[in-house]
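For the sequence shown, position 18 matches number 18 in my numbering, and the numbering has no gaps at all. Report on the structure given below.
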Amino acid sequence: MSDDKPKSPKSVTEVLESLGMDRDQLREMAIDAIADLTPKKGRGAAWEKVLGAAVKKLGPNWTIIGSGLRAKLLHTPVRWFFDTVGIDPIPNREKLTITHLPLIEPLDPGTLTEWQDHYDSRHSGHDYHGRQIDIFDTVSAAELVIWWAEGPASELFDARSVEALTPLREKQYLERNQSGPARWTILAGLRVITDTGSPLEVIDNAIEYFRGRAADPAGPLVMFWEQFREVAAAGDRERTLRWLDEHRRATVREHCALPAVFADVLEDLGNG
C-alpha cells in the first residue's frame, strides 16, 4: 500500500499565479462577465429607434409592427406570406432574424426562418459578416438592419415564392414521413393558388396528420383543415381562393393591427 499522502489543494493565489493573473484581474473579469449577462435597460426602446431609422431609408415597402423587442419590419404589400425582419433578443447578444410564414394555413408568428449567425455560417464573403448588432448604436444598427432587409431577407422572400415552393412541396409530399415535420401541408393551398391540381388528397392527409398530433384534435388547427376541405370539395377554385384570401387577411389582423397593406391576390379573377 502506498504511503504517499494526497497533495494539498492549491490556494487561490497559487492558481492565479499559474494562470499569470492576480486577484484584481480576476475581479475585473468577474465584473465584466456579470455585466455581459445582465440585460441593459431600455433595450426595447432602443430597438424601436433602430427600426424607425431603418424604415425611413428602406422606403414604402416596409412598415413597423409590434413594440419593444417584439417590434419587426413587415414587408408589404402582404401577399401569401407573412414576411418580417426582427431580432432574437438574447441579452446583449442580439441577432437579426427573418420570418417567411405562409398565410394559407394557421400562422405561428413565433416561428423563425433564418438567423443572422446561421446566414453568416453559409455566406462568409459579405461586408457585414460576423458583425454584432449594437441596438444602442442607432446609426450602425440601422445600417445593419437595412442590409439585412434589402439583402438576405429579400433574397429569401424571392427564393421561396409561391411559384418556387410549389414543386419543392410536391416532392416533399411524395416523400413525406409521418414522423417528421409536416412542411408539405401548405401544398394544398399552393395547388389552389397555382391551379396545379386538386388540394383534397393533401387536405385529407393533413387532417389525419394533425388529428394525431394536435393537443386538441377538435381545436382550431384541425378545424381549419376540415373547413378547408368543405370549401374545396365543391370543386370551385374561385370560391376556394376567396376563402383562402379571407383566412389570409383575418390571420394577419389577428396578430397585428395593420393599415391597408394587403395586396390584391385575386386580381386574376377580375376582382381588381
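Note that the Cβ used here is the ideal one computed from N, Cα and C, for glycine as well.
- When DSSP states are grouped into helix, strand and coil, residue 264 belongs to the coil group.
- Here DSSP, grouped into helix, strand and coil, assigns residue 195 to coil.
- Distance between residue 231 and residue 223, taken at the CA atoms: about 12 Å.
- In the DSSP annotation of this structure, residue 106 is not part of any alpha helix (DSSP H), being labelled neither H nor E.
- Contact check between the segment 86-106 and the segment 137-153: three or more CB pairs, one atom from each, fall below 8 Å, which counts as touching.
- Exposed is the label assigned to residue 217, since fewer than 16 other Cβ atoms lie within 10 Å of its Cβ.
- Residue 174: not part of any beta strand (DSSP E); member of the alpha helix (DSSP H) spanning 162-174, first to last residue.
- Residue 81 is bridged by DSSP to 102.
- Contact between the segment 204-214 and the segment 242-256 is absent: fewer than 3 CB-CB pairs across the two stretches fall below 8 Å.
- Cα atoms of residue 62 and residue 266: separation of roughly 22 Å, rounded to the nearest angstrom.
- The closest CA to that of residue 86, considering only 113, 77 and 191, is found on 113.
- According to the DSSP assignment, residue 69 belongs to no beta strand (DSSP E), since it is labelled neither H nor E.
- The residue among 186, 164, 161 and 162 with its C-alpha nearest the C-alpha of residue 173 is 186.
- Take residue 74, set aside five residues on each side of it, and the residues of its chain with a beta-carbon closer than 8 Å to its own are 62, 63, 64, 65, 82, 83, 84, 256, 258 and 261, in chain order.
- When the Cα atoms are used, residue 122 and residue 129 turn out to be separated by approximately 10 Å.
- It is roughly 22 Å from the alpha-carbon of residue 152 to the alpha-carbon of residue 169.
- Rounded to whole angstroms, residue 132 and residue 160 show a C-alpha spacing of 27 Å.
- Annotated as distal: residue 145 and residue 241, with beta-carbon spacing of 8 Å or more.
- Within its own chain, the residues whose Cβ lies closer than 6 Å to the Cβ of residue 54, once the five positions on either side in sequence are excluded, are 142, 145 and 146, listed in chain order.
- Between residue 189 and residue 254 the beta-carbon gap is near 18 Å, outside 8 Å, which marks them as no contact.
- In the structure shown, residue 75 adopts extended strand secondary structure according to DSSP, grouped into three states.
- When beta bridges are read from the DSSP output, residue 95 appears opposite 88.
- Cβ contact annotation for residue 191 (same chain, cutoff 6 Å, sequence separation greater than five): 197 and 199, in chain order.
- From the listed residues 208, 195, 76 and 117, the smallest Cα separation to residue 238 is found for 195.
- Per the C-alpha coordinates, the member of 210, 182, 58 and 234 positioned closest to residue 225 is 210.
- Going by C-alpha positions, residue 184 is about 14 Å away from residue 103.
- One thing to note: residue 69 has its Cβ within 8 Å of the Cβ of residue 44.
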